[in-house]
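Engineer:
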Amino acid sequence: MAKRVQKSQTATLHKRASRIWSFCDNLVVRIYKQIKPIHLYILLCMAYMFSTSGVIYNLINTPPPYGMERVGVNESRPVFIANGMMTQYSTEGYISGLLNLVAGVSLVLTLVELRSKRCNGTLAFAYVLTFCVSCLFQKRRFNKKTGM
2 MAKRVQKSQT
12 ATLHKRASRI
22 WSFCDNLVVR
32 IYKQIKPIHL
42 YILLCMAYMF
52 STSGVIYNLI
62 NTPPPYGMER
72 VGVNESRPVF
82 IANGMMTQYS
92 TEGYISGLLN
102 LVAGVSLVLT
112 LVELRSKRCN
122 GTLAFAYVLT
132 FCVSCLFQKR
142 RFNKKTGM
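Counted the way this note's numbering counts, the sequence shown spans residues 2 to 149.
Here's what the structure looks like:
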């Protein structure tokens, strides 16, 4: 037969749950006060980079980090970008995700710099140049993948 729970046991359980909840609530508030907006932005940028770099593909298929290409009779050199659209080295994915991140962050920094009251044209130009170089690297990688 099932035992009946007494009122004193229910009150004790309620007090314990209340203490645990208040501890968790205080912990979340303390952590929230310590986190600055830049920390959250960095965390989101890292999550974006890893989500666009093919981490899930790398976990499922476990590709090698790089391949080897024959140059001469007894010589070979490392290759970080696989030929063809259906294969990928793990390093290739991370490089691609990093290039996407650099392009996005450079655009954000350009907009912040252009909106500031003490706008430095040289710095804004450097951010735009970084964006363009990142896009050119991505275009070059795409051309190598598609054989263009």
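Each residue gets a CB set at the ideal place from its N, CA and C atoms; glycine is no exception.
Please read all numbers here as calculations on a predicted model, not as lab measurements.
Could you pull the start and end residues of the beta strand (DSSP E) that Gly-148 belongs to?
Structural biologist: Sequence index remark: in the sequence shown, residue 148 carries index 147 (1-based). Note, Gly-148: premise wrong, no beta strand (DSSP E); not H, not E.
Engineer: Determine whether the beta carbon atoms of Arg-142 and Ser-97 lie at a separation below 8 Å.
Structural biologist: Residue 142 sits at position 141 when you count from the first residue of the sequence shown. Residue 97 sits at position 96 when you count from the first residue of the sequence shown. Their beta carbons are under 8 Å apart, which means Arg-142 touches Ser-97 by this criterion.
Engineer: Please state the DSSP three-state secondary structure of Gly-85.
Structural biologist: One-based indexing of the sequence shown puts residue 85 at position 84. Three-state result, Gly-85: coil.
Engineer: Sort Ala-18, Ala-12, Gln-10 and Gly-148 by Cα distance to Met-87 and report the nearest one.
Structural biologist: The count along the sequence shown starts at 1 and reaches residue 87 at position 86. Comparing Cα-Cα distances from Met-87 to each of Ala-18, Ala-12, Gln-10 and Gly-148, the minimum goes to Gly-148.
Engineer: Determine the burial state of Met-50: buried for a count of at least 16 other Cβ atoms within 10 Å of its Cβ, exposed for fewer.
Structural biologist: Within the sequence shown, residue 50 is the residue found at index 49, counting from 1. With 16 or more other Cβ atoms within 10 Å, it is buried.
Engineer: I'd like the span of the alpha helix (DSSP H) that includes Lys-98, first residue to last.
Structural biologist: To locate residue 98, count along the sequence shown from 1; it is residue 97. What sits at residue 98 in the sequence shown is Gly, not Lys. That run of the alpha helix (DSSP H) goes 91 to 116.
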